[in-house]
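Engineer: Below is the structure I would like to discuss, written out as structure tokens.
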Amino acid sequence: MSAVAQSATARRVPRARVADWVMPWLSVAAVLLLFELLPRIGVLPEKHFPPISQTLAELGDQLTQGRFWEAVGNTMQGWALGLGIAAVLAVPIGIVIGSTRLLYRASRGLIEFLRPIPSVALIPLAILIYGTGLESKVFLAAFACFWQLLIATLYGVQDVDPVATDTARSFGFSRIQRLFRVTLPSAVPYIATGVRIASAVALILTVTAELVIGSPGLGRSINLARSGGNVELMYALIIATGVLGLLLNAISVQAERRLLHWHPSQRRAAEARE
Amino acid sequence: MSARRERWLGLGLEVTVPLLALGLWAVLSAGSDTYYFPPLTEILETFADTWVFERVGSDVVPSLVRMGLGFAIALVLAIAIGLGLGLSPRARRAAAPIVEFLRAIPPPALLPFAILVIGVGNSMKVFIIAFVCLWPILLNTVDGVIGVDLTLRDTARVYGIGTRDRVWRLMLPAASPQIFAGIRTAVSLALIMMVISEMVASTNGIGYFVLQSQRSFAIPEMWSGILLLGLLGYALNGGLVMIERRLLRWHRGARASALG
């Protein structure tokens with residue numbers, strides 16, 4: 001390689017790296033600027049699109065208010081209970097069904113039929129049985145998450161390396177020991193991916209229930225802001241809900257990485273997007 | 275137990291257990307005088323009265339049109355944008371934070387926004403369905419294009435194959451298994467958003483019918499609507515699996531031969 005070419009590549013590498021780093025910030029700034037200027041010069045109707053600075057100011061104001069945090073708390077409560085109940089039910093059931101072949105065959109038809117039912121179809125039923133409070137929210141979120149987690153657990157249990165199972169068996173491990181030493185550890189990455197997807201699903205169903213049924217929470221606040229004509233508040237709350245979604249996703253990705261740092265599939269799991 | 279007998283037993287169980295479950299529901303609910311859980315026979319009678327074919331034109335067709343239109347728009351946009359982002363690392367980096375944020379917003383939270391800006395008509399529902407279906411297909415297209423085998427890419431470049439052929443004959447086919455994974459997620463999302471948008475603001479559609487039945491305490495009608503939505507979900511899923519099996523037959527074949 002000639003000296004000129006070498007110095008050219010040497011110069012290009014750091015510059016490319018700076019561009020990598022600056023690019024995302026530039027595009028965020030551009031979008032924010034666009035949503036500030038377009039309403040001001042009248043390209044977007046200001047009635048429906050207030051300049052972004054006003055929305056962000058409203059968001060900052062909300063962050064200091066107890067009512068806002070109460071709504072966030074309500075939403076988080078529905079999310080956590082729904083996801084938790086689904087996990088407590090789906091993971092043991094998935095392990096039992098997944099490790100018995102005949103039981104798996106027997107339940108497969110039923111699962112394949114029940115799983116595609118859109119959980120939002122059950123909203124009217126939830127209102128009838130549980131009313132408009134927290135229970136409805138939790139029921140819908142738990143129902144939707146249950147299938148995600150059950151399928152993930154089933155896949156995980158069935159994907160256990162047969163050589164590992166046979167080795168454990170020939171070393172005289174009992175069924176229970178095999179379950180805890182072989183089956184569960186190799187199913188955990190699948191379950192973790194299932195939990196990450198189910199976490200997003202739980203948030204969606206919680207917000208849906210708040211919006212449609214009117215249970216207290218961010219979803220209802222957004223709808224109230226719209227019907228009350230407070231457009232800045234509506235956008236501020238939508239942004240807050242998005243940030244909540246980002247945070248929950250980041251937390252579950254981090255937890256998964258920390259919990260499963262020992263497992264080679266962690267590298268693959270990172271690619272499996274919902 | 276011989277392997278053959280076990281296979282037949284398994285197949286038998288797979289067919290009989292759902293039927294048994296249905297039978298159990300029928301028997302348990304037969305004498306039911308619980309207001310919220312009417313007998314299965316009554317639900318089925320109402321189902322036949324309501325959906326064959328009285329309300330097909332007034333509720334089912336509008337629902338399906340909204341869903342199909344929204345999904346189709348999302349599909350075209352997502353693949354086009356996904357190809358662009360997949361081929362250009364710079365564009366990908368620039369778009370990443372915006373895509374990540376928009377995708378993280380729980381879709382129903384955008385409904386009030388859509389109602390405010392577009393109104394309560396059909397275009398609002400098509401918009402919200404398209405918007406929600408966009409992300410899974412888009413992200414999977416990007417991942418699929420990035421994941422195209424380097425040797426294939428280099429070969430195409432060495433042979434001087436033009437951009438157009440490269441996209442149509444190399445990138446899209448190679449990314450299609452991944453794109454299909456996105457499509458499957460998107461279709462179930464489309465159904466969900468159709469139902470929600472009709473529940474929140476509509477004067478017809480299956481979602482509207484189900485919620486309205488509940489509000490007027492027409493419980494068997496409500497159950498028949500839930501049943502219809504379940505069947506719809508099942509049919510969409512089954513149809514998609516069949517299409518995928520046909521379109522991606524070469525992929526399964528290639529994978530199997532590479533493994534075997």
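Here the protein sequences line up with chains D and G, keeping their order. Using the working numbering, the first residue of the first sequence is number 1, and each one after it goes up by one. Using the working numbering, the first residue of the second sequence is number 275, and each one after it goes up by one. From the three backbone atoms N, C-alpha and C, an ideal C-beta is built for every residue, glycine too. Small disclaimer: the values here were computed from a predicted structure and weren't measured.
#1: Which parts of the region 14 to 93 of chain D are runs of the alpha helix (DSSP H), unbroken and 4 residues or longer, counting only runs that do not cross its ends?
#2: Enumerate in chain order the residues of its own chain whose CB-to-CB distance from arginine 520 of chain G is below 7 Å, with the five nearest sequence positions on each side excluded.
#3: Among G:Ala354, G:Gly499, G:Leu506, which has the Cα closest to the Cα of leucine 412 of chain G?
#4: Would you decide whether tryptophan 79 of chain D is buried or exposed? Buried here means 16 or more other CB atoms lie within 10 Å of its CB.
#5: Does the beta carbon of alanine 277 of chain G come closer than 8 Å to any beta carbon on chain D?
#6: Using beta carbons (cut-off 8 Å, strictly below), is valine 400 of chain G in contact with chain D?
#7: Can you pull the chain G neighbours of valine 31 of chain D, defined as C-beta to C-beta under 8 Å?
#8: With distances taken Cα to Cα, identify the nearest neighbour of alanine 121 of chain D among G:Val339, G:Thr437, G:Glu495, G:Leu444.
#9: Is serine 199 of chain D close to chain G? Criterion is C-beta to C-beta, closer than 8 Å.
#10: For methionine 277 of chain D and chain G, any beta-carbon pair shorter than 8 Å?
#11: Using a Cβ-Cβ cut-off of 8 Å, state whether phenylalanine 113 of chain D counts as contacting chain G.
#12: Is any beta-carbon of chain D found at less than 8 Å from that of leucine 533 of chain G?
#13: Tell whether a beta-carbon distance below 8 Å holds between arginine 377 of chain G and methionine 23 of chain D.
#14: Please state whether DSSP places alanine 152 of chain D in a helix, a strand or coil.
#15: Excluding the 5 residues flanking alanine 272 of chain D on each side, which residues of the same chain have their C-beta closer than 8 Å to its C-beta?
#16: Locate the alpha helix (DSSP H) running through leucine 444 of chain G, then write down its first and last residues.
#17: So what does DSSP say about valine 160 of chain D, is it helix, strand or coil?
#18: For isoleucine 500 of chain G, return the contacting residues in chain D, with the cut-off set at a CB-CB distance below 9 Å.
#19: Ends of the alpha helix (DSSP H) at arginine 175 of chain D?
#20: When you compare only the Cα positions, how much space is there between proline 118 of chain D and isoleucine 127 of chain D?
#21: Can you tell me whether valine 432 of chain G is buried or exposed? The criterion is at least 16 other CB atoms within 10 Å of its CB, across all chains shown.
#22: Would you say proline 336 of chain G touches the ligand FMN, meaning its beta carbon is less than 7 Å from a heavy atom?
#23: Could you say which of D:Leu259, D:Gln62, D:Thr153 lies nearest to alanine 240 of chain D if we only look at CA atoms?
Structural biologist: By the coordinates alone:
#1: Given a length threshold of 4 residues, each whole run of the alpha helix (DSSP H) inside the region 14 to 93 of chain D is given here in chain order: 52 to 62.
#2: For arginine 520 of chain G, there are no CB contacts under 7 Å within the same chain when 5 residues up- and downstream are skipped.
#3: Among G:Ala354, G:Gly499, G:Leu506, the Cα nearest to that of leucine 412 of chain G is on G:Ala354.
#4: Tryptophan 79 of chain D should be labelled buried.
#5: Proximity of alanine 277 of chain G to chain D, defined by a Cβ-Cβ separation below 8 Å, is not satisfied.
#6: No, valine 400 of chain G does not count as interfacial toward chain D.
#7: Near valine 31 of chain D (Cβ distances below 8 Å), the residues of chain G are Ile372.
#8: With distances taken between Cα atoms, alanine 121 of chain D lies closest to G:Glu495.
#9: Chain G, which has no Cβ nearer than 8 Å to the Cβ of serine 199 of chain D, makes this no.
#10: Residue numbering for chain D in the displayed model covers 1 to 274; residue 277 of chain D lies beyond these limits and cannot be assessed.
#11: Output row for phenylalanine 113 of chain D: interface = yes.
#12: Below a pLDDT of 50, predicted positions are generally treated as unreliable, and leucine 533 of chain G, at 45, falls in that range; no measurement from the model is reported.
#13: Result no, Cβ atoms of arginine 377 of chain G and methionine 23 of chain D do not sit closer than 8 Å.
#14: In the structure shown, alanine 152 of chain D sits in a helix (DSSP, three-state: H, G or I).
#15: Legend: pLDDT at alanine 272 of chain D = 48, less than 50; position of this residue unreliable, no value from coordinates given.
#16: Unbroken run through leucine 444 of chain G: none, as it is neither H nor E.
#17: In the structure shown, valine 160 of chain D sits in coil (DSSP, three-state: anything other than H, G, I, E or B).
#18: Identification of chain D residues near isoleucine 500 of chain G by a Cβ-Cβ cut-off of 9 Å yields Ile117, Ala121, Leu122, Pro124, Leu125, ordered along the chain.
#19: DSSP places arginine 175 of chain D inside the alpha helix (DSSP H), whose first and last residues are 175 to 178.
#20: Looking at the two C-alpha atoms, the distance is approximately 16 Å.
#21: Flag for valine 432 of chain G reads exposed.
#22: The model depicted lacks the ligand FMN and carries no ligand whatsoever.
#23: Looking only at D:Leu259, D:Gln62, D:Thr153, the smallest Cα-Cα distance to alanine 240 of chain D is reached by D:Gln62.
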